Structure formats: structure tokens, C-alpha cells
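J.:
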Amino acid sequence: MTDEHCAKMSARRGVKETLAILKRRRVLVGLTVCAATGAAALSPAIAPPVFTARTQIFIEPAAQGAPDDGWSLGPDGGDAMIEGQIRVIESESVLRRVVASRKLGLDPEFAGRDPVGADPDARALRGLRRAVEVRRAAATSVVEIAAASGDPDKAARLADSIAEAYLLELAEARGEAARLLATALAARLDALRGEARRAEQAVERYRFEHNLVSAASAAFVDTETLVGLRALQRDLDGARAAYEATLDRARDAQERALIGRTQARVIAHAQPPLTEDGPRRALWLGLALVGGLGLGSGLALARDRLDARLFARRQTEIRTGLRVLAVIPRFLPVPFELPGAAARAFFRLRDALRADAEGRPNRVVLVTSCGEGEGKSAVAATLAAAAAAEGERVLIVGGRAGAFALSRRPASEPQPDAEAGAAVQAVGAPLALESAGAARAQGDVLDQLGADARKFDLILLDCGCVTRDRLAYHLAAVSDAIVVVVRAGTTRVEDVEEVVETLGPAAGRIAGLALNEAGRGEC
66 MTDEHCAKMS ARRGVKETLA ILKRRRVLVG LTVCAATGAA ALSPAIAPPV FTARTQIFIE
126 PAAQGAPDDG WSLGPDGGDA MIEGQIRVIE SESVLRRVVA SRKLGLDPEF AGRDPVGADP
186 DARALRGLRR AVEVRRAAAT SVVEIAAASG DPDKAARLAD SIAEAYLLEL AEARGEAARL
246 LATALAARLD ALRGEARRAE QAVERYRFEH NLVSAASAAF VDTETLVGLR ALQRDLDGAR
306 AAYEATLDRA RDAQERALIG RTQARVIAHA QPPLTEDGPR RALWLGLALV GGLGLGSGLA
366 LARDRLDARL FARRQTEIRT GLRVLAVIPR FLPVPFELPG AAARAFFRLR DALRADAEGR
426 PNRVVLVTSC GEGEGKSAVA ATLAAAAAAE GERVLIVGGR AGAFALSRRP ASEPQPDAEA
486 GAAVQAVGAP LALESAGAAR AQGDVLDQLG ADARKFDLIL LDCGCVTRDR LAYHLAAVSD
546 AIVVVVRAGT TRVEDVEEVV ETLGPAAGRI AGLALNEAGR GEC
């Protein structure tokens, strides 16, 4: 067998074991799935619905030839300008306007119910910031303002209020800038107007002082006087030019303010949403179902790993260190009427007990268990029937410490003798002895059967648990092999360990375990 084939076989076994664990823990998996789907179904009643309304604003770049005040398109095509305006919309100054205009400090949805003394407007601002999302619509100049609320009408009002607050903030900012510029320019114009007036007065005074009031009188003035007049006239012309230039700048500032008021506008007002946010309930239920199955499977695997009880072949062999000779499915302990799977299990068990590891035949086999109600006697009787069906002569010796008796009752009726407290039964061969009397030592059990005992191919010693039945403990010493019956889902690892520890040196005679999967009331 190649390594690849071994790996495939191991993987296949692993899948089967996982499916077996999930089948055993199906109640836990089912409860987890029900809890997850129930929570998903009830989520609308537990969590309040959320509605989101959206307002769209179109932001225009600066007009061609307008002064560059941060609104003109740059090398990035306006990306930086749009991102800057998004930050303005999300700014505290804009949101505070909405908190004040909509009185959100009195709205429990946004202000909450914090301790007395906390600023309700500050709480409302934090709540509004969480409920608002501003983003650019693809690679366009359109900015979308999304506002969420438990009330669809309130969500629409909030989205529109944020847009209005942004436009108002923008207008006020531009108006303030224009006012500041106008104030500065007015002061400059006053100064320049004063300089021009003083220059003009200087020219008039110079004309008067040098008798240059008329053109006729100027003809008799010397050249030096005219040079002085021309210098004063140049000062006057410069002061007038500076005044006119500043006046033009003031007009530009007014035009810039007018341009700024048209660079952003609302193109789509918010409408109350008709449906709440989030995926549809069917999708939620589907996700809850898948998540519940995953979580339930994980819990089932973890629970099985932490469970000390024995369930499956591989798990039992790993945890106990003992070989599982056969896994016995559900069956009724009636000889020769077993279903196919049960019959194969008992034939497999008989084949595993024929000889020890060194090839010596196992003629005397002790069948014991870790406790009461594990189906030990039913397994022993049916194993005898399976061996007899193959033509073997089988003797069953059954009882508790203190007495043994012989009986002709069939294995399908393994009821102990009320007086003797035990039963010795023959299956597939006549039993010549009628009574064996009392046994005083464990070695006497076979001796008292005499030569008749040697006529049997298989002798099964059906005894109690070795940890509680002293006779079973002593019979283990005269057995060729020991089979420990464990019940799936009942027997624990420590129960098997206690049996091994009690047997002491005789534990080396343990051939393995018979894993009984039948229910408590079935055998």
C-alpha cells in the first residue's frame, strides 16, 4: 500500500469520524442553528431599523479668468478641490449649525441619555457625526451627503439641513472674506484719496505762490519754476493712478464674492427612504443558517474532544490505548436472527479472539465490562451463537462470586438461576452435566466441569465488572484472553483505565474492547 493510498484512507476515515461526531452531537448543532436563525429572525424587533437619505451637491470649479481662491481646477482635475469641500461639509462648524437648527440636543436618538451635566449639544454633535457620511460620486464634481436615522423623514431632513448649512457656511465665509478685503481696500482708498488730494493741493499752492494761475502769466515764468510745477504734477498723476488701481481691485473683490455664491448648489434634495438599510431578511436568515451550522459544528467537535465518554472506534483506541476488536451495532440478542451488520460484527469479534499475538489459541475468554448495563451478557450470548453458527462447540459460564450452576437454557434466555446465582449454558453442543455444585476457588470452575469442559472449542466466562466482582478478577488469571465490553456514549476513559489498573499483571491478557453501540434498553 503506497503512502498516497494511506493518506487517502486516513483522510476518508477523518471525514467519516467528523460526520459521526456531528451525528452524535446533532442536538447541540440543531440548537445552535435554531438560536442563530431565531436571533436573525428577531433582529428587526430587537435592533431598531435604520433609514438613510441622500442629498447631492454639484460643486463647480472657478469660472475662466476668475481670481484663484482655491476653487479653480488644478493639475489633478479638481480632485483636491472636491476633497477639500468634503472636509468642509464634515467640519464641526457645519454640523453644529445642523445641531442648532434641528435642536438635536433634545433628540434622544442623537443626544442619548448621558448623565446629567453633560453638554447635550456636544453629545448630539458626536451622534450626528456617526450618522453622516459624505463621499464623492465616482470621478465627478457631485458630492453626496448621506444621513441615517430611525425615522425616514428625519433622515431626509437631516441630509437637506447639512447641505443648507454647508451652503450657508460657504456664503458666510466668502462674504466675510469679501468684507475683510473691502474694508482693507476702503482704508487703502481713503489713504490714496488723501494723498491725491494733498498732491492736488500742493500743485494749486505752487501755482498760486509762483503766479501760475493763468496760462498768460506762465509765459513770463522762468524755466526752474516750471520744472518744479511739472514735478508736483507728476506726483499728483501718480497718486490718482494708485487710487484708480485700488478702486479696480475693490470692484474685482465684489465680483469674486458674486462668483463664489454660484460655485456650489443642490442638484437633488433628499427623499424619505422607503426601505431600511441592510440586506434582506432572507439573506440574513441564510447567513445565520450557515453561521449557525459552522458554530454548532465547532461546538460539537470541541464538546466531543472534552467529553470523557467513548463513542467511536478511532477515538476509543486513541484515548484508551487498547484495540477495538469490533464495533457492535444495534441488535437484539437472539441467536441466528441477527441483521447483516450485527452478524458481521460478531463474526469479526470471534475471528479476533481465535489466537493471541503469538498464535496460541484462545480457548477460555473472559467477557467483562466497566460497569452495569453495558450489554456484556447479551454480547457474550450472541458471540456464543455466532461461534456456534460456524460449527464450534461453545460453553458459556456465567455468574457472580460465590456459586456456579449448569443449565440447558439457550443463550437467548441468559437468566441466572435464582438459587445458585449463576448459569452455565451450552450453545451448539449438548451438556452432559446437570449440576456443578459450589466453587470455592477460581481454578475450580474449569476443574469441576471435568473432561466435559475439554469437549468445547470456546469457553466464555460471562462475569461482572472486575472492579466490583472479585470472582471476575480471579477468573482473569485463568483466562487465555479478556474482552472488555464498553457502551458507546456511556463508558468513560477513566472507567477503562480503572479496569486495566485493577487487573494488574492480568491486564496483559486483554485482547481488546468490544464497542457496543446499542442503546441502554436494547440489550
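The sequence shown begins at 66 in my numbering and counts up by one.
Just so it is clear, CB atoms sit at the ideal spot from N, CA and C, and this is done for glycine as well.
Keep in mind that this is a model prediction, so the values were computed, not measured.
Cβ atoms of A211 and A224: under 8 Å apart, would you say?
T.: Yes. Within cutoff.
J.: Using alpha carbons as the reference points, say which of P570, A420, G554 lies closest to G440.
T.: It is G554 whose Cα lies nearest to the Cα of G440.
J.: Note down the Cα distance separating P113 from W349, rounded to an integer number of angstroms.
T.: Distance between the alpha carbons of P113 and W349 is about 15 Å.
J.: According to DSSP, simplified to helix, strand and coil, what is Q336?
T.: Of the three classes helix, strand and coil, the one that applies to Q336 here is coil, per DSSP.
J.: Given this structure, state the Cα-to-Cα distance separating V551 from A537, to the nearest angstrom.
T.: C-alpha separation (whole angstroms): 16 Å.
J.: Is it buried or exposed for L160, if we count other Cβ within 10 angstroms and need 16 for buried?
T.: It counts as buried.
J.: L390 by DSSP, collapsed to three states: which one?
T.: L390 falls in the strand class under three-state DSSP.
J.: Quick one: is S166 buried, meaning 16 or more other Cβ sit within 10 Å of its Cβ, or exposed?
T.: Its Cβ having fewer than 16 others within 10 Å, S166 is exposed.
J.: If you draw a straight line from the alpha carbon of I332 to that of I147, how long is it in whole angstroms?
T.: Taking the straight line from one Cα to the other gives about 16 Å.
J.: Give the range of the beta strand (DSSP E) segment to which V551 is assigned.
T.: V551 -> beta strand (DSSP E) spans 546 to 552.
J.: Run through DSSP, which three-state label would E582 get?
T.: Coil at E582, not helix or strand.
J.: Check D527 in the structure and name its three-state DSSP category.
T.: Three-state DSSP puts D527 in a strand.
J.: In the region 151 to 224, which residue ranges form an unbroken alpha helix (DSSP H) of at least 4 residues, counting only runs that do not cross its ends?
T.: Within the region 151 to 224, the complete alpha helix (DSSP H) runs of at least 4 residues are 157 to 166, 173 to 176, 185 to 196.
J.: For I124, list the residues DSSP reports as bridge partners.
T.: DSSP, once it has assigned bridges, lists A329 as partnering I124.
J.: Take E457 and list the residues in its own chain whose beta-carbon comes closer than 6 Å to its own, dropping the five residues that flank it on each side.
T.: These residues qualify, in order along the chain: D522, L523.
J.: Rounded to whole angstroms, what is the Cα-Cα separation between L598 and T290?
T.: The first residue shown for the chain is 66 and the last is 588, placing residue 598 beyond what the model contains.
J.: Kindly indicate which residue of A443, Q380, R557 has the alpha-carbon position closest to the one of I86.
T.: I86 has its Cα closest to that of Q380, out of A443, Q380, R557.
J.: Just checking, does the region 556 to 575 make contact with the region 539 to 548 on the three C-beta pairs under 8 Å criterion?
T.: Yes, the region 556 to 575 is in contact with the region 539 to 548.
J.: Taking only three categories from DSSP, how would you classify A540?
T.: According to the sequence shown, residue 540 is Leu rather than Ala. The answer is helix: DSSP assigns L540 an H, G or I state.
J.: Can you give the Cα-Cα distance for A407 and L352, rounded to whole angstroms?
T.: Taking the straight line from one Cα to the other gives about 42 Å.
J.: By Cβ distance, which residues of its chain are closer than 8 Å to E559, with the 5 residues on each side in sequence left out?
T.: Taken in chain order, the residues that qualify are A373.
J.: Between the Cα of G215 and those of T567, T340, R330, T556, spot the shortest distance and give me the residue it belongs to.
T.: Cα-wise, what sits closest to G215 is T340.
J.: Please report the Cβ distance between V389 and L84, rounded to the nearest whole angstrom; I am assuming they are in contact, meaning their Cβ atoms lie under 8 Å.
T.: About 18 Å; that fails the 8 Å criterion.
J.: With DSSP collapsed to three states, give me the class of G149.
T.: Three-state result, G149: helix.
J.: Would you be able to state if there are at least three C-beta pairs under 8 Å between the region 296 to 312 and the region 253 to 267?
T.: Because the criterion of three Cβ pairs below 8 Å is met, the region 253 to 267 and the region 296 to 312 touch.
J.: Pull up the CB-CB distance for L360 and T97, whole angstroms please, since I reckon it's below 8 Å.
T.: The pair is a contact, with the Cβ atoms about 5 Å apart (cut-off 8 Å).
J.: Does DSSP put G577 in a helix, a strand or coil?
T.: Strand at G577.
J.: Under the three-state reduction of DSSP, which class applies to P570: helix, strand or coil?
T.: Residue state, collapsed to three classes: helix.
J.: Starting from the C-beta of V207, find all residues in its chain whose C-beta is less than 6 Å away, skip the five residues before and the five after it, and write them out in chain order.
T.: For V207, where only same-chain residues beyond five positions count, the Cβ hits under 6 Å are Q121, F123.
J.: If you check the beta carbons only, do D534 and A445 fall under 8 Å apart?
T.: Contact: no.
J.: Could you check which residue in A100, A264, K88, R89 has the C-alpha nearest to that of G356?
T.: Among A100, A264, K88, R89, the Cα nearest to that of G356 is on A100.
J.: Can you grab the Cα-Cα spacing for the pair L294 / R262, in whole Å?
T.: Their Cα atoms are separated by approximately 16 Å.
J.: Sort out for me which residues DSSP pairs L84 with in a bridge.
T.: BP columns for L84 are empty, so no partner.
J.: For R253, which option in L235, A307, T205 has the closest C-alpha, if you only look at C-alpha atoms?
T.: Among L235, A307, T205, the Cα nearest to that of R253 is on A307.
J.: Assuming L593 is part of the alpha helix (DSSP H), what are its boundary residues?
T.: Beyond the ends of the chain as shown, which are 66 and 588, falls residue 593; an answer cannot be given.
J.: In this structure, what does DSSP give as the bridge partners for A420?
T.: Paired residue(s): P426.
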